[in-house]
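**Student:**
Chains as they are written, first to last, in our numbering: chain S, 125 to 571; chain P, 415 to 751.
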C-alpha cells in the first residue's frame, strides 16, 4: 500500500513537473526573443521584426498561461503529495518561493501590459514591458531553483531527529548547489526555446518561404540558442566538478561508474547493469572523467561501490538521461556552428542544414527534460539529501493512483491542444497589421 | 506576533484573490450563462475585461499558498492530507479555466471574431464556463471545511470525523455563497466596463446575483449556528462584528447603487463588502487556522522564516503595487475612444 502510494506520488510529481518544465522554459525563452525582435524593429523599422515580435508574443501568451496554471498545480502538489516533506521543509524553502512569487507576479503584470498594450502604450514603454516580462521570468526561474538546490544540498539549518532547528532565513540561497544549478537551468531554457523556434522557420524555408520574415526568425532564434548552447558546456563543467565533490553518488550514477578509481574513464552510452555492477557496450574515453571531475587525469573518482546499495540512485535511468542530455547538447552546438559558418560564408542555408535544424528542434527540450531526470533521479532515494527519504515524505492518503491517472490524462489533452495551436500559429504567414491585441489580429488571418 | 502578522498577510492576499480573481471566475460564469440577443457581445466584453489582468489576478492564489506553506507548514501539511480530493478538484478547475481561456482566444475563429465562433473555440468556451463555476464552489467548500471543526489534527496525524468535512451542509452552503459572490462581483465590474444595452444586461445580472448572495447568506447563517457555533460566536464577537457590520452596510449600499444605476459606487461598495466579509471570517477564525486543533502559533514556522517573509513584504510590494496600479490604470481606467 505505502509503496504503491509512493510510486504513484512520484509518478504524478514527475508528470506534473515534466509538463510544467517545457512551458516554464519557453515562458523564459520566448519573451527574450519577443523583446529582442521588438527592439530590432524600433531600431531598424523593418516590418519582419515587428511581425516576429507579434507572433512570439502570442506564443508567449499561450505558453505562459499553461506554465502559470501548471506551476500553480505544482505548488499545491508539493503539499498534496509530500505533506510530511512540506511540514518539515516548507518553512525553510519558503523564502525562495516567496521571492519567486514577486518575480512571477511582475512577469504576469508585464505580460498583460505587453500583450494588450500594443496600441495603448508608447512604443518605448511597450518594449520595456516586454523586457520586463523576460527579465522577471528569468529571475523567477533562478529563484525557484534555489528551493530545489536546497533539496539537493541542504544548508542553513541543523537537523535534530528529523526536525529542522536553527533555520536561517536565507537557507535556500545558502545551498552551494544553487549558483551552478541556476546558471545551468537558465541557459537550458534559452537553448530549448532557440532551437525549437529555429525549427519552425527552417521548416518554413524548406517549404519555399525564403522571405525576410523567415530569415530573421531563423537568425534570431539561432542567435539565442547558439549563444546559450556554447556557454552550456562551461556551466556543465562547473556543475560536474561541484557534483563530484558534493553528490558523488549522483555523479557515479550519471557516469555509470561503479569502481572507485584513479584515472577514471568517461563512459559514453552502454547499458549499466546495477546487479552485475558493469556497463555493457559502452565507449570508454580513458582518464577523462577524472580530469573533468578533479582537474587531474589521475584524480580519484568515487564509484557507486563506495555507497550502500540502498542509497544508489537508479543507475540505468540516470546514466541514460545523462548521455541523452550531453549528446543533445553537442548536437545543438554542432548545428549552431554549422548555421553560423554558412552565414559567415554569406551563403543561403542549404536544404540539408534546414533539414538538420528541423530534426534538431526538439533537442533543447529533450536535453532539458533529460537534465532534470539526472538531477532528480540522481538525488534518490532522498527527498532532502541526507535528511529525509522520499518515502518518508509521501502522503498517507490513499487513491494517489487515481489522481495520477487523472492528471496525466489532463496534461495529455492540454499538451496536445497546445501543440496544435502552436503549430497553427507557427505555420501562419506574417500577420496582417492589426493593432489590436492577439485575438483580434488572429481574426485577420484566421482564414 | 510575527505569526499573527503573517496570518494577517495571508488573509489580505486571500481577500485580494477573492476580489480580483473571484470576478474572473464570475466572468466565466456569465460567459456560460450568456444569452441572446447579445450573447456574443457579452462574451466579448468578458474576454476583453479579463484578458490583460486574469493572470496577474491569479497570482494572488499562489501568494496565499506560498504564505501558508512558508509560514504555517504544519497547517499546510494537514490541509493537504485532509482536503486531498477537493484540492485536486480545485486544481483541475484552475488548470482547465486558465488553459481554456487562452486556448479559446487563440482557436481558429476565436470568440472575438464577429459572428459565430468556431467549433474549437465554442468547446473551449464551454470548458472555461464549467471550470469557472466549479472552482469557486470548491474553494468555498474548502473554506467551510476549515471552519467547521470536523477536521481534527492530533500529533501530526489528520483524522476526519464523520462525513468528509468539505461535503457537510455548511461547506456546501459556503460553496454556493462563494459562487454567488463571484457572479455578483463580475457582473458589477462588467456593468462598469460596458455601456448601453450591454451595461443594462450586466446590471440585471448583478441584481440577480445580489439576490442570490442574500439568499445564500440566509441559508448559511442558521447552518453556522448549528454546525460551527464557535465561528458563529466569533462572528458576533466584539472583534469581528464591527467589520461584518461595515460589510453588510457596504452590501446594502452596493445593491442600492446598482438599483439607482450608479455603477462606480456599486463597484466600490461591492469590493468593500467582499473584503469585509472575508476579513470578518478571518478575525472570527483567529487564532485557529483549522478549528479546533491547528492554531496560528502552533503551526507557525521558524521565527527566521516568518521574519524574512514579513520584512520582504514591503520591498516586494514596493515593486508590485506600482506595476499593478499601472496595469489597472491602462486597462481599467476611464474608457477612452
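Ideal Cβ placement from N, Cα and C applies to all residues, glycine included. All values derive from a computational prediction rather than experimental measurement.
1) How is residue 745 (chain P) classed by DSSP in three states: helix, strand or coil?
2) Please list the residues of the stretch 463 to 475 of chain P that have a C-beta atom closer than 9 Å to any C-beta atom in chain S, keeping them in chain order.
3) Would you report the Cα separation of residue 511 (chain S) and residue 377 (chain S), rounded to the nearest angstrom?
4) Quick check on residue 287 (chain S): buried or exposed, where buried means 16 or more other Cβ atoms within 10 Å of its Cβ?
5) What is the residue span of the alpha helix (DSSP H) that residue 657 (chain P) lies within?
6) Quick one: what's got a C-beta closer than 8 Å to residue 140 (chain S)'s C-beta in the same chain, skipping five residues either side?
7) Using the three-state DSSP reduction, which class does residue 168 (chain S) fall into: helix, strand or coil?
8) Nearest chain P C-beta to residue 284 (chain S) closer than 9 Å, yes or no?
9) Tell me whether the stretch 159 to 169 of chain S and the stretch 304 to 311 of chain S touch, counting them as touching only if at least three CB pairs, one residue from each stretch, are closer than 8 Å.
10) My output table needs one value for residue 493 (chain S): the three-state DSSP class, helix, strand or coil.
11) Do the CB positions of residue 373 (chain S) and residue 413 (chain S) come within less than 9 Å of each other?
12) Could you tell me the distance, in whole angstroms, from the CA atom of residue 626 (chain P) to the CA atom of residue 687 (chain P)?
13) Helix, strand or coil, according to DSSP, for residue 439 (chain S) in the structure here?
14) Relative to the C-alpha of residue 449 (chain P), which residue among P:720, P:616, P:415 and P:581 is closest?
15) Return the first residue and the last residue of the beta strand (DSSP E) that residue 288 (chain S) is part of.
16) Using a Cβ cut-off of 9 Å (strictly closer), state whether residue 441 (chain P) contacts chain S.
17) Is it buried or exposed for residue 479 (chain S), if we count other Cβ within 10 angstroms and need 16 for buried?
18) Tell me whether the stretch 392 to 403 of chain S and the stretch 436 to 443 of chain S touch, counting them as touching only if at least three CB pairs, one residue from each stretch, are closer than 8 Å.
19) Does the Cβ of residue 459 (chain P) have 16 or more other Cβ atoms within 10 Å, making it buried, or fewer, making it exposed?
20) Using a beta-carbon distance below 9 Å, is residue 711 (chain P) in contact with chain S?
21) Just the Cα atoms here: how many angstroms apart are residue 505 (chain S) and residue 275 (chain S)?
22) Counting along the chain, where does the beta strand (DSSP E) carrying residue 396 (chain S) start and finish?
23) The beta strand (DSSP E) with residue 572 (chain P) in it runs from where to where?
24) Report all residues from its chain with a CB closer than 8 Å to the CB of residue 522 (chain P); omit the five preceding and five following residues, and keep chain order.
25) For residue 191 (chain S) versus residue 150 (chain S), is the C-beta distance shorter than 9 Å?
26) If the cut is a Cβ gap below 7 Å, which residues of chain S does residue 507 (chain P) touch?
27) Determine, using beta carbons only, whether residue 658 (chain P) comes closer than 9 Å to chain S.
28) Between residue 572 (chain S) and chain P, is the shortest Cβ-Cβ distance under 9 Å, so that the two count as touching?
29) Taking the C-alpha atoms as reference points, what is the distance between residue 519 (chain S) and residue 133 (chain S)?
30) Between residue 507 (chain S) and chain P, is any beta-carbon pair separated by less than 9 Å?
31) Can you tell me where the alpha helix (DSSP H) holding residue 505 (chain P) begins and where it ends?
32) Using a cut-off of 8 Å between C-beta atoms, extract the partners of residue 740 (chain P) located in chain S.
33) Near residue 172 (chain S), which residues of its chain fall below 6 Å by C-beta distance, leaving aside the five closest residues on each side in sequence?
34) Return the chain-ordered ranges of every alpha helix (DSSP H) run that is complete within the stretch 529 to 612 of chain P and spans a minimum of 4 residues.
35) For the pair the stretch 454 to 461 of chain S and the stretch 289 to 299 of chain S, tell me if three or more CB-CB distances fall below 8 Å.
36) Pull up the distance between the alpha-carbon of residue 231 (chain S) and that of residue 153 (chain S), whole angstroms please.
**Tutor:** Taking the structure as given:
1) helix
2) Among the residues of the stretch 463 to 475 of chain P, those with a Cβ less than 9 Å away from any Cβ of chain S are 465, 466, 467, 468, 469, 470, 471, 472, 473, 474 and 475, in the order of the chain.
3) 20 Å
4) exposed
5) Where residue 657 (chain P) is concerned, the enclosing alpha helix (DSSP H) stretches over 655 to 673.
6) 194, 197, 198, 201, 531 and 535
7) helix
8) no
9) no
10) helix
11) no
12) 15 Å
13) helix
14) P:616
15) 287 to 289
16) no
17) exposed
18) Touching, yes.
19) The residue is buried, with at least 16 neighbouring Cβ atoms inside 10 Å.
20) no
21) 12 Å
22) 395 to 397
23) 571 to 574
24) Here residue 522 (chain P) has 532, 534 and 535 as same chain residues with Cβ atoms under 8 Å from its own Cβ, once five neighbours each way along the sequence are excluded.
25) yes
26) Within 7 Å Cβ-Cβ: nothing; residue 507 (chain P) doesn't reach chain S, min ~10 Å.
27) no
28) The structure shown does not extend to residue 572 (chain S), since chain S spans only 125 to 571, so no value can be given for it.
29) Taking the straight line joining both Cα atoms gives about 8 Å.
30) No - not a single Cβ of chain P is within 9 Å of the one on residue 507 (chain S).
31) 498 to 519
32) 233 and 237
33) Excluding residues within five positions, the ones whose Cβ falls inside 6 Å are 336, 337 and 340.
34) Runs of the alpha helix (DSSP H) inside the stretch 529 to 612 of chain P: 533 to 562 and 583 to 607.
35) no
36) 13 Å
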